[in-house]
Amino acid sequence: MTSAEQSVEQESNLATRNESIQRCIASLEHAVQCKEPECDRAECHKMKRVVTHTRGCRKRQESNCPVCKQLIALFCYHAKECHLEQCRVTFCQSIRRKLEEHKRLVELQDDLTTIEVMEAVINLENLTLEDGSSQEDVEMVEPSTSCS
Numbered sequence: 001m002t003s004a005e006q007s008v009e010q011e012s013n014l015a016t017r018n019e020s021i022q023r024c025i026a027s028l029e030h031a032v033q034c035k036e037p038e039c040d041r042a043e044c045h046k047m048k049r050v051v052t053h054t055r056g057c058r059k060r061q062e063s064n065c066p067v068c069k070q071l072i073a074l075f076c077y078h079a080k081e082c083h084l085e086q087c088r089v090t091f092c093q094s095i096r097r098k099l100e101e102h103k104r105l106v107e108l109q110d111d112l113t114t115i116e117v118m119e120a121v122i123n124l125e126n127l128t129l130e131d132g133s134s135q136e137d138v139e140m141v142e143p144s145t146s147c148s
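148 is the number that UniProt numbering gives the last residue of the sequence shown; the numbers go up by one with no jumps.
The structure is reproduced here in C-alpha cells:
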C-alpha cells in the first residue's frame, strides 16, 4: 500500500470514527432528556442504562471501569461543544468548568513564558548598559576557516 493510499485510509477511518462519536453524542443527548420509559429509539434504553450505571459505579472513581471510561470520554466530547446554560447531560457543567480552568492555566503559562522572555531580554540589555559597552563597542570576530 502506498503512502497516499494509507493517508486516504487514515482519513476515512478518522471520518468514520468522528461520525460514530457524533451518533453517540446525539444518543446521549436524547437519552438524558427522554422521559419515555418505552422510547422508540433503540439506542435510548441502552444509553439510559449506561448513564445510570455511571452515576452509581464505584469503580469509576479509580478509573477501573471500561464502561465508565468510554461514557466519560463521550461526556467530554459533548462538553467541548456544548453551550447550554442548564445542560442536562451528566457532568457537562463540571467538565466545562474544568476545561475552562485548564484553558486559563495554559494561557497563564503562555503569559508567564512571554514575561520571562521579556525579563531576560531586559536583563541582558541592562547588563550591556551597566557594563558600559554598547553593541557598536563589541568587536566582531570572524570564525577561522583554516584548521591550523
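Beta carbons: idealized from backbone N, C-alpha and C, even for Gly.
On a predicted model such as this, the values are computed, not experimentally measured, just so you know.
query	result
Boundaries of the alpha helix (DSSP H) in which residue 75 is found, first to last residue	66–81
Residue 34 versus residue 88 - alpha carbon distance	11 Å
Cβ-Cβ distance between residue 79 and residue 92 below 7 Å	yes
Whole-angstrom C-beta distance between residue 32 and residue 90, which should lie under 8 Å	7 Å
Three-state secondary structure assigned by DSSP to residue 106	helix
Selected residue, minimal CA-CA separation from residue 83, among 100, 67, 12, 69	100
Neighbour-count burial assignment, residue 54, 16 or more Cβ in a 10 Å radius	buried
Three-state secondary structure assigned by DSSP to residue 40	coil
Contacting residues, own chain, Cβ-Cβ under 7 Å from residue 171 (five flanking each side not counted)	Residue 171 falls outside the range modelled here, since the chain spans only 1 to 148, and no answer is possible.
Environment of residue 48 [buried if 16+ CB atoms lie within 10 Å]	buried
CA-to-CA distance, residue 2 to residue 18, given in whole angstroms	24 Å
Alpha-carbon to alpha-carbon, residue 14 and residue 45	28 Å
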